[in-house]
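**Student:** Structure provided below as structure tokens; questions to follow.
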Ligand SMILES: Cc1cc2nc3c(=O)[nH]c(=O)nc-3n(C[C@H](O)[C@H](O)[C@H](O)COP(=O)(O)OP(=O)(O)OC[C@H]3O[C@@H](n4cnc5c(N)ncnc54)[C@H](O)[C@@H]3O)c2cc1C
């Protein structure tokens, strides 16, 4: 009988299983392949990269680079193996996907503390310590079991609008107000004059869209329509929808604007803003170009681009505690994309954290959260912070708390985020004997 069951031998599940096994505990790792494959998985190996072979930037003073630096410091197996499978990709950590997943499969299947079971899990055993890491395309009855146990807290599709860095918004081109002046001025409003609106509209309907895979396609419904599809319905459709200007007076012109794009804060520190109603299928470069035509967003830094695709994930703020365990079933950790992170490396990071905390629980210790000044600590903190419009989140500097002293220069600011995170993490590791 093993100490813990890990369901899913993808990026998060392998990282978690290895960490627990390395801590001396016995792991049962359940993987549905090769008996059953999701529509995107093709290889029999574990830790399959289903699309791009890039684990994003590995450079200093980038959010992706910082995430990996923290993970190296915490002993991530998959980041180490990714380095051995590295292929040239400028400042990014890109891998030969075959070599990468082959080496992960070898490390996992040869580990004396890991027993692999090839079957599709449809539920977890009550009371048994479990990590569920079945990813965005969870197969079989497991998603239904989660839905049954959690009620409506499971989503099967992402319709995420872009998020921009607050410090990159031109505050001279927007104003804080709520419609008709009711309640708090919760939104930043970006006014557009008629000519600006027409040019924006024309660029939007002709912009290049990402190609959807068959399993990503679905009928659009009004509450969740890509902004470019809404625009196609007529030049004024957006002005009667998310860009409607009624109830606003632009304090600079003292007139009602022709259209208004609203930005809603994503976090209590107001470091990130969501472009309201802008869920989109445009290619990332096109999002930057077209949404950058909105005067307040001319120099906007995109922390997360809009996406629309199939993705099974839990409403993390509602269902998970700060250790990514289900509130209602604290023996169950959720790791990877299913737990509300977005991206390969974020999924590995979440598996790493689950592995560390399961090992601690098995050793009779309290689980840990990392300092909020680290990108991992901030990201997992974001996941369990109340959020009525929760959408999966990637690693970015916007999730970090602001610096004590504001640094105007963007590059220097990022350097300082980097230094602060690694300094705080090193101290934390020393204090908690995590080295
Ligand atoms: C089509 C697609 C493309 C993506 N492209 C990118 C990209 O280019 N870059 C990026 O950063 N992120 C991308 N993502 C997002 C995400 O980072 C990856 O999906 C990542 O692999 C998630 O890691 P994970 O460990 O959560 O899940 P996975 O890596 O998907 O691992 C889940 C594992 O669980 C197994 N499994 C599923 N259900 C069961 C079950 N019931 N019982 C037992 N085993 C089960 C699966 O076979 C799989 O091995 C993409 C997602 C999708 C769906």
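Residue numbers (this note's numbering): 2 to 436. In this text, a Cβ means the ideal position worked out from N, Cα and C, and glycines have one as well.
#1: Check whether the stretch 45-60 touches the stretch 342-349, counting contact only when three or more Cβ pairs, one atom from each stretch, lie closer than 8 Å.
#2: Just mark residue 274 as buried or exposed, buried being the case when its beta carbon has 16 or more other beta carbons within 10 Å.
#3: With a threshold of 16 other CB atoms inside 10 Å of the CB of residue 158, please say whether the residue is buried or exposed.
#4: Beta carbon of residue 20: closer than 6 Å to some heavy atom of ligand 1?
#5: As an exercise, report each continuous alpha helix (DSSP H) stretch of at least 4 residues that is fully enclosed by the stretch 244-331, in chain order.
#6: Could you tell me the boundaries of the beta strand (DSSP E) in which residue 424 lies?
#7: I'd like to check one pair, residue 356 with residue 133: are the Cβ atoms closer than 7 Å?
#8: My output table needs one value for residue 383: the three-state DSSP class, helix, strand or coil.
#9: Assuming residue 137 and residue 281 form a contact by the criterion Cβ under 8 Å, report the distance between their Cβ atoms to the nearest whole angstrom.
#10: For the pair the stretch 32-47 and the stretch 72-86, tell me if three or more CB-CB distances fall below 8 Å.
#11: Using a threshold of 6 Å, is the CB atom of residue 353 nearer than that to any non-hydrogen atom of ligand 1?
#12: Relative to ligand 3, is the shortest distance from any of its heavy atoms to the C-beta of residue 338 smaller than 6 Å?
#13: Looking only at C-alpha atoms, which of 411, 310, 118, 421 sits nearest to residue 372?
#14: Would you kindly report the start and end of the unbroken alpha helix (DSSP H) that includes residue 150?
#15: What residue from 351, 370, 62 has the CA that sits closest to residue 429's CA?
#16: If residue 258 and residue 249 are in contact, beta carbons under 8 Å, what's the gap, nearest whole angstrom?
#17: Compare the C-alpha of residue 85 against each of 105, 327, 201 and name the closest.
#18: I'd like to know if the stretch 2-14 and the stretch 24-41 are in contact, where contact means that at least 3 CB-CB pairs between them fall below 8 Å.
#19: Assign residue 216 to buried or exposed, taking buried as 16 or more other Cβ atoms, counted over all protein chains shown, within 10 Å of its Cβ.
#20: Is the number of C-beta pairs between the stretch 329-342 and the stretch 399-411 that are closer than 8 Å three or more?
#21: Determine which residues share a DSSP beta bridge with residue 46 and list them.
#22: State the DSSP-derived secondary structure class of residue 357, mapped to helix, strand or coil.
#23: Go to residue 105, then tell me how far its alpha helix (DSSP H) extends in each direction, as first and last residue.
#24: In whole angstroms, give me the CA-to-CA distance for residue 269 and residue 198.
#25: For the beta strand (DSSP E) holding residue 233, just list the boundary residues, first then last.
#26: Restricting to Cα atoms, I'd like to know which of 13, 10, 17 is closest to residue 361.
#27: Just reading off the alpha helix (DSSP H) that residue 73 is part of, what are its end residues?
#28: At a cut-off of 6 Å, would you count residue 34 as near ligand 1, judging by its Cβ distance to the nearest heavy atom?
#29: Shortest alpha-carbon distance to residue 271 belongs to which of 246, 114, 301, 165?
#30: Under the criterion of a Cβ to heavy atom distance below 6 Å, does residue 345 qualify as lining ligand 1?
#31: Distance, Cα to Cα, residue 83 vs residue 378?
#32: Work out the CA separation of residue 251 and residue 178 for me, nearest whole Å.
#33: Where residue 408 and residue 188 are concerned, what is the direct C-alpha to C-alpha distance, given to the nearest angstrom?
#34: Check whether the stretch 144-157 and the stretch 316-323 are in contact - that is, three or more C-beta pairs closer than 8 Å.
#35: Indicate the three-state DSSP secondary structure (helix, strand or coil) for residue 171 in the structure shown.
#36: Starting from the C-beta of residue 295, find all residues in its chain whose C-beta is less than 6 Å away, skip the five residues before and the five after it, and write them out in chain order.
**Tutor:** Concretely, from the data shown:
#1: They touch, by the three-pair rule.
#2: buried
#3: exposed
#4: no
#5: 285-292, 317-320
#6: Not the beta strand (DSSP E): residue 424 falls in the alpha helix (DSSP H), residues 411-432.
#7: Between residue 133 and residue 356, the CB-CB gap reaches or exceeds 7 Å.
#8: helix
#9: With a Cβ gap of about 19 Å, residue 137 and residue 281 do not count as contacting.
#10: no
#11: no
#12: Here the bound small molecules are ligand 1; ligand 3 is not part of this structure.
#13: Closest by alpha carbon: 421.
#14: 143-151
#15: 370
#16: 6 Å
#17: 105
#18: Touching, yes, given that three or more Cβ pairs across the two stretches are closer than 8 Å.
#19: exposed
#20: no
#21: DSSP lists no partner for residue 46.
#22: It is helical.
#23: 98-110
#24: In a straight line, the C-alpha of residue 269 is about 31 Å away from that of residue 198.
#25: No beta strand (DSSP E) contains residue 233, which is instead part of the alpha helix (DSSP H) from 228-233.
#26: 17
#27: 64-74
#28: Within the chosen limit of 6 Å, ligand 1 reaches the beta carbon of residue 34 through at least one heavy atom.
#29: Cα-wise, what sits closest to residue 271 is 165.
#30: yes
#31: 22 Å
#32: 9 Å
#33: Cα-Cα distance, rounded: 25 Å.
#34: yes
#35: coil
#36: 191, 262
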